[in-house]
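Trainee: First residue of the sequence shown: -19, per our numbering; consecutive thereafter. Have a look at the structure that comes next, please.
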Amino acid sequence: MRINERRSLWRRMKPHLLVFDAPLAMILFLLLATSMITMYSAGIEYPGRLESQVRNTMVAFIVMWAAALVPPQTLMRLAVPIYTAGVALLVAVFLFGIVKKGARRWLYIGFDIQPSEIMKIAMPLMLAWYFHQKAGMVRWHSFVVAALLLAVPVGLIQLQPDLGTSLLVLSAGLYVIFLAGLSWKALLGLFIAGAASLPVAWSLMHDYQRDRVLTLIDPTKDPLGKGFHIIQSVIAIGSGGIAGKGLLKGTQSHLEFVPEHTTDFIFSIYAEEFGLIGILGLILIYLLLIGRGLMIAANAPTLFARLLAGAITMIFFTYAFVNMGMVSGILPVVGVPLPFMSYGGTAFVTLGLGAGILMSIQRHRKLVRT
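And the structure:
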């Protein structure tokens, strides 16, 4: 009886424990292992930083597991409430938010939260739900409504101001709109309109945002001031050479030349210590992550699931591309972390939630077929 009871218990618990997509889980394991090794070196001057990263990873793992259990149908029902709550919190930040370092981005509800992080997932959820409702009836005005749904949170985030997060939320929404069938002609028109509006956008930028663009164009104009950090980051990447200097031997980080080298600039530390070979290996892991996500999106059973999985996957791509680009000096510094590598609690949880949603879509596709 006891053996049968144990087998019966395992059968009941198995569907709730074995919820991860094996290929995606293996890719994430490689990324997280690389993150821990790099954080051990980058955070050695910061006691407790590695332990905090381990804790953040465990929290993200729990969130990912919980998200993988939630069926896509439930996510679809939650899309509108989550989006509405996110916008309401952004309005609350605008009215009552906490100011830190000149930016009003946080809200105190017994503890500090950053509502803009919610929109990174809430935005593709909402637009995927919207286009799912319009399946077979998508017209030009459907894209106008989608653009308005996207513009509201992006505008509120930009008012904080938070250019990096607003760009990430904007890109997440645009990915859904594009995957929903926006024509190339419309995209070309939007690109032309965007290019034509650059002078207006420039006039609306804050001084520090203009400085970032000017620093990107010529960091040597102020090498000991605004251009110092990006110059040192590029030096760190280049000094790694082919094979790198080795773990704990990166001078740029350990001599405090590179700023925020456990968060936004962790890629420059990784590149200095592991060189071109390490960079190519890391890029390969990210390509595998994106490839697996796109496979899950392509095989998803519903339009909602396809749009959501595709958008989340491209969010991972945007994170990686923008971070590597900004620390390499080819994009402005906008404060975007390297996914599953940079230190940070909120970003790790958001990324874990995104990965969990991908696993949910893949898992429930299999359950439907069986």
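Glycine is no exception: its CB is placed at the ideal position from the N, C-alpha and C atoms.
1) Report all residues from its chain with a CB closer than 6 Å to the CB of residue 237; omit the five preceding and five following residues, and keep chain order.
2) So what's residue 334 in DSSP terms, helix, strand or just coil?
3) Quick check: the region 69 to 76 against the region 101 to 110, are at least 3 beta-carbon pairs closer than 8 Å?
4) Apart from the five residues just before and just after residue 350, which ones in its own chain have a Cβ nearer than 7 Å to its Cβ?
5) Rounded to the nearest angstrom, what separates residue 256 and residue 268 at their Cα positions?
6) Going by Cα to Cα distance, which pick from 92, 342 and 202 is closest to residue 369?
7) Looking only at DSSP bridge pairs, what is residue 83 linked to?
8) Please determine if the region 160 to 172 and the region 329 to 342 are in contact, where contact requires at least 3 C-beta pairs separated by less than 8 Å.
9) Let me know the alpha helix (DSSP H) ranges lying completely inside the region 301 to 335, each 4 residues or longer, listed in chain order.
10) Between residue 206 and the rest of its own chain, which residues show a CB-CB distance below 7 Å, the 5 nearest in sequence each way excluded?
11) Going straight from the alpha carbon of residue 2 to that of residue 46, what length do you get?
12) Under a Cβ-count criterion, where at least 16 other Cβ atoms within 10 Å of its own Cβ denotes burial, should residue 85 be classed as buried or exposed?
13) So, with DSSP's three-state summary, where would you put residue 92?
14) Give me the Cα-Cα distance between residue 298 and residue 265, rounded to the nearest whole angstrom.
15) Do you know offhand how far residue 161's Cα is from residue 235's?
16) Assuming the contact rule is C-beta atoms closer than 8 Å, residue 22 and residue 209 should be a hit. Round their C-beta distance to whole Å, please.
17) Under 8 Å between the Cβ atoms of residue 250 and residue 260?
18) Determine the direct distance from the alpha carbon of residue 63 to that of residue 99, and round the result to whole angstroms.
19) Expressed to the nearest angstrom, what Euclidean distance is found between the alpha-carbon atoms of residue 331 and residue 18?
20) Does the distance from the CB of residue 152 to the CB of residue 291 come in under 8 Å?
21) Please classify residue 214 as buried or exposed, where buried requires at least 16 neighbouring CB atoms within 10 angstroms.
22) Any chance the region 312 to 330 sits against the region 33 to 53, with 3 or more Cβ pairs inside 8 Å?
23) Verify whether the separation of the beta carbon atoms of residue 289 and residue 276 is less than 8 Å.
24) Could you tell me whether the Cβ atoms of residue 56 and residue 121 are closer together than 8 Å?
25) With residue 258 as the anchor, note down where its alpha helix (DSSP H) starts and where it stops.
26) When we look at the beta-carbon of residue 128 and count the other beta-carbons within 10 Å, is it buried (16 or more) or exposed?
27) Leaving out five residues on either side along the sequence, give the residues of the same chain with a beta carbon under 6 Å from the beta carbon of residue 228.
28) Quick check: the Cα distance between residue 187 and residue 58, rounded to an integer number of angstroms?
29) Identify every run of the alpha helix (DSSP H) within the region 149 to 182, keeping only runs that are complete inside it and at least 4 residues long; order them along the chain.
30) Once DSSP output is grouped into helix, strand and coil, what is the label at residue -15?
31) On the criterion of 16 or more Cβ atoms from any shown chain inside 10 Å, does residue 53 qualify as buried, or is it exposed?
32) Look up residue 236 in the DSSP assignment and say whether it is helix, strand or coil.
33) I think residue 307 touches residue 247, with their Cβ atoms under 8 Å apart; what is that distance to the nearest whole Å?
34) Let me make sure I understand the geometry here. Which of 123, 245 and 282 has the alpha-carbon closest to that of residue 316?
35) By a C-beta neighbour count over all protein chains shown, 10 Å radius and 16 as the cutoff for buried, is residue -1 buried or exposed?
Mentor: Based on what the coordinates show:
1) 212
2) helix
3) no
4) Low confidence applies to residue 350: its pLDDT is 44, below 50, so where it sits in the model is not reliable, and the reading given next is rough at best. Excluding positions up to five away in sequence, the list is empty.
5) Inter-residue distance for residue 256 and residue 268 is about 18 Å (C-alpha atoms, whole angstroms).
6) The question about residue 369 has no answer, for the chain in this structure spans -19 to 350.
7) 80
8) no
9) When DSSP assignments are scanned along the region 301 to 335, no uninterrupted stretch of alpha helix (DSSP H) that is 4 or more residues long falls wholly within it.
10) 191 and 195
11) 16 Å
12) buried
13) strand
14) Pairing residue 298 with residue 265, the inter-Cα distance amounts to about 15 Å.
15) Going from the Cα of residue 161 to the Cα of residue 235 covers about 50 Å.
16) Contact flag wrong, Cβ pair sits at about 15 Å.
17) no
18) 7 Å
19) Each residue's CA atom was taken as its position, placing residue 331 and residue 18 some 19 Å apart.
20) Yes, these two residues count as a Cβ contact at 8 Å.
21) buried
22) yes
23) Yes, Cβ-Cβ distance for residue 289 and residue 276 is below 8 Å.
24) no
25) Here the alpha helix (DSSP H) through residue 258 covers 246 to 278.
26) exposed
27) 21
28) 39 Å
29) 164 to 176
30) With a pLDDT of 49 at residue -15, under the threshold of 50, the modelled position of this residue cannot be trusted, and the question is left open.
31) exposed
32) Three-state result, residue 236: coil.
33) 5 Å
34) 245
35) Buried, since its Cβ has 16 or more Cβ neighbours within 10 Å.
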